[in-house]
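Down below is the structure, laid out as structure tokens.
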Amino acid sequence: MLKITFENRQYDAIIALNTDTEDFELIRNIPNIPIIAADGAGISILKKGIVPDKVIGDLDSINLQLLQEFDFNPKNIIHISEQETNDFEKVLQYCQDNTLDNVLIIGIHGGLYEHSLNNMSVFSKFSKKMNLTIVETNRYGFCVNQSFQMNTKINEKISLFPISKSLLKTKGLKWNLFNEYLEIGSREGHANISVTNEIEIEILSGEIFVFCNSRFPKLKKVHIGENK
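Its first residue numbered 34, the sequence shown is counted upward by one per residue in my numbering.
So, in structure tokens, the structure goes:
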């Protein structure tokens, strides 16, 4: 059975999506890692004194003149004009093409609601070939389609959301599942609670999003305007 751990995980890159969130401050806690901004996220993090290594997208939501005012090197802007994929997918494809397979994603819920749903669909698609983690408001999220074990803290909130109709069996949760289905529009697994220091989720069929407490270092006190 797959063992999922976050302790001492080495990320290959951080993806910043286009939203205004204090979670961008987390970037300061991981030094010497490529920061890739999706389109308008480049401006958002530059305003916080964080300089991305690349800005990638169709550039429909970014002010190129403003980028120049931040003295951002235009050689680090990758313009991809095709409209079959959104900016998040363009950035993930860049990461995959450059063997940046362990990726932390910040800002997945920015913008319109349908934009957020589309991002979650893209996240599911690329999770089948990359090791992706969402971080948002002290919560981690990941997508999985095989059985796994994971270390937890007692009374930690664990949420299981089905992407497709999913048959599950669980151990270590307050409300365990015993060969039971979760399905959007029928039954979800929101806000369960771990009762042991390790949970086990057996996925007999389907695919789920898992949300747990973040294992990210606590934020340092920093001055917003300082450079990376």
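Built from N, CA and C at the ideal position, the CB exists for glycine as well.
The closest CA to that of residue 38, considering only 170, 174, 62 and 94, is found on 174. Ranked by Cα distance from residue 180, the first of 234, 164, 215 and 198 is 234. Each of 241, 248 and 231 was checked against the Cα of residue 36, and the nearest Cα belongs to 231. One thing to note: residue 130 has its Cβ no nearer than 9 Å to the Cβ of residue 95.
A Cβ-Cβ distance of about 14 Å is found for the pair residue 78 and residue 46, leaving them out of contact under the 8 Å criterion. Remark: C-beta atoms of residue 123 and residue 75 do not approach each other more closely than 9 Å. Taking the CA atoms as reference points, residue 165 sits about 16 Å from residue 246. Taking C-alpha positions only, residue 136 is separated from residue 163 by approximately 8 Å. The three-state secondary structure of residue 204, taken from DSSP, is strand.
In terms of Cβ geometry, residue 199 and residue 238 form a close pair [threshold 9 Å]. Counted as a single uninterrupted DSSP element, the stretch harbouring residue 183 is not any alpha helix (DSSP H) but the beta strand (DSSP E) occupying residues 181 to 184.
The C-alpha of residue 225 is placed about 48 Å away from the C-alpha of residue 102.
With at least 16 other beta carbons inside 10 angstroms of its own, residue 222 counts as buried.
Contact check for residue 189 against residue 201 fails: the beta carbons are separated by 9 Å or more. Rounded to whole angstroms, the gap between the alpha carbons of residue 70 and residue 49 is 5 Å. Ranked by how close their Cα comes to the Cα of residue 203, the residues 139, 228, 196 and 86 have 228 in first place. In chain order, 222, 223, 224, 225 and 244 place their CB closer than 7 Å to the CB of residue 192, counting only its own chain and leaving out the 5 sequence neighbours on each side.
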